[in-house]
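**Student:** The sequence shown begins at 1 in this note's numbering and counts up by one.
For each residue, glycine too, the CB sits at the ideal point set by N, CA and C.
All values reported here derive from a predicted model rather than from experimental measurement.
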Amino acid sequence: MPGRFYTNAVDQETCGHGERNIKEWVSVLLNKFAKHKRRKTASVLTSALIVFTVLFIWSVTAFSATNVAVNQAGGGVSLVPSGPVTVNSVQLALNKQARDLAGVVLPGGSNVSSGQNIYFVLYIDNTTGTPANDIRISDFLNETEFTYIPNSIETTLVPSGSNDAAIWASVWTPLTDVVGAPDDSASITDSGGPAGLDQITVGAETGQVNQVLNIPGNVLQAIRFRVTVN
Ligand SMILES: [Ca+2]
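#1: Of all Cβ atoms in chain B, is any one closer than 8 Å to the Cβ of S160?
#2: Would S114 be called buried (16 or more neighbouring beta carbons within 10 Å of its own) or exposed?
#3: What residue from I167, T189, P159 has the CA that sits closest to P150's CA?
#4: Take the Cβ of T53 as the centre, count every other Cβ of all protein chains shown within 10 Å, and call the residue buried at 16 or more, exposed below.
#5: Using only alpha-carbon positions, find the residue among T206, L220, T228, E143 that is nearest to I137.
#6: If we count the other Cβ atoms within 10 Å of its Cβ and call it buried at 16 or more, is Q208 buried or exposed?
#7: Measure from the alpha carbon of Q221 to the alpha carbon of each residue in N163, Y123, T127, then state which is nearest.
#8: For T239, list the residues DSSP reports as bridge partners.
#9: Less than 8 Å between the CB atoms is what I'm expecting for I118 and V229, so what's the real figure, rounded?
#10: So is the beta-carbon of D183 under 7 Å away from any non-hydrogen atom of ligand 1?
#11: Just reading off the alpha helix (DSSP H) that I167 is part of, what are its end residues?
#12: Classify I57: buried if its beta carbon has 16 or more other beta carbons within 10 angstroms, exposed otherwise.
#13: Going straight from the alpha carbon of K37 to that of G180, what length do you get?
#14: Is any non-hydrogen atom of ligand 1 found closer than 7 Å to the C-beta of D139, if you look at the structure I gave you?
#15: Is D190 near ligand 1 - that is, is its Cβ less than 7 Å away from at least one heavy atom of it?
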């Protein structure tokens, strides 16, 4: 069951803004270059562009950053330089489980019977104190082995670190199969091949866009749906 998961959407968005700013910055530089090329500053600007590009590449691949503000205020005001501020990036894991109808987790390799209904559960535990914004999940059901049971998608929110039993015992909210940002945060469609619904997406996944999924800090969010074993 391949799944696709974006854990650092905030970082991606930030990088996107950075790229846009850089394009504008480069555009400004190129305009300046055009105006001043007769002054033989080409080599200087070219060097500046190369240096800036190198600095940008380094900045977006880093997973943490530390910065310190230093007092240069003057004007009779005396400030104390700040302590170091470090921003860390944390990779969050996407977990997938199969469970029987009582919620018992089925270990890998478990035997199931034709006609038996089981659950699949997808969950992300945001172990940080910061919201994980714009989470996107794409998961394909193996149609040769399972048939999706319509209108069975549900979701729940529990405290970070909740165990399997606590996740199952929580209150589950139904989500519709329907796609669309005005609807809710999950959907399922037929991706082709055998007839039947098989492509589950959660959040604003490209090509099957639902409501944006933001998981609050210190919260585990789970999605579950039921299938019949073929
Ligand atoms: Ca829906």
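**Tutor:** Judging by the given coordinates:
#1: Absent from the structure: chain B. Only one protein chain is present.
#2: Against the sequence shown, residue 114 aligns to sequence position 114. Exposed, since its Cβ has fewer than 16 Cβ neighbours within 10 Å.
#3: One-based indexing of the sequence shown puts residue 150 at position 150. Ranking I167, T189, P159 by Cα distance to P150 puts T189 first.
#4: Within the sequence shown, numbered from 1, the residue matching residue 53 stands at position 53. Residue confidence is low: T53 scores 38 on pLDDT, short of 50, so the model does not pin down where it sits. Its coordinate-derived value is still stated next. Exposed, because fewer than 16 other Cβ atoms sit within 10 Å of the Cβ of T53.
#5: Counting from one through the sequence shown, the residue named residue 137 turns up at place 137. Relative to I137, the option among T206, L220, T228, E143 whose CA is nearest is T206.
#6: Residue mapping note: residue 208 aligns to position 208 of the sequence shown, counting from 1. With 16 or more Cβ atoms within 10 Å of its Cβ, Q208 is classed as buried.
#7: By 1-based counting over the sequence shown, the position of residue 221 is 221. Nearest in C-alpha terms to Q221, of all of N163, Y123, T127, is Y123.
#8: For the chain, the structure presents residues 1 to 230; residue 239 sits outside this window and is missing.
#9: Residue 118 sits at position 118 when you count from the first residue of the sequence shown. Residue 229 sits at position 229 when you count from the first residue of the sequence shown. About 7 Å separates the two Cβ atoms, so the contact holds.
#10: Looking up residue 183 in the sequence shown gives position 183. Result yes, Cβ under 7 Å from ligand 1.
#11: The residue given as residue 167 occupies position 167 in the sequence shown. That run of the alpha helix (DSSP H) goes 164–169.
#12: Indexing the sequence shown from 1 puts residue 57 at position 57. Confidence at I57 is low in this model, with a pLDDT of 37, below 50, so its placement is unreliable and the value that follows should be read with caution. When all chains shown are included, I57 counts as exposed.
#13: Numbered from 1 along the sequence shown, position 37 holds the residue referred to as residue 37. Numbered from 1 along the sequence shown, position 180 holds the residue referred to as residue 180. Residue confidence is low: K37 scores 45 on pLDDT, short of 50, so the model does not pin down where it sits. No coordinate-derived value is stated.
#14: The residue given as residue 139 occupies position 139 in the sequence shown. In this structure, D139 has its CB at a distance of at least 7 Å from all heavy atoms of ligand 1.
#15: Numbered from its first residue, the sequence shown carries residue 190 at position 190. False, no ligand heavy atom lies under 7 Å from that Cβ.
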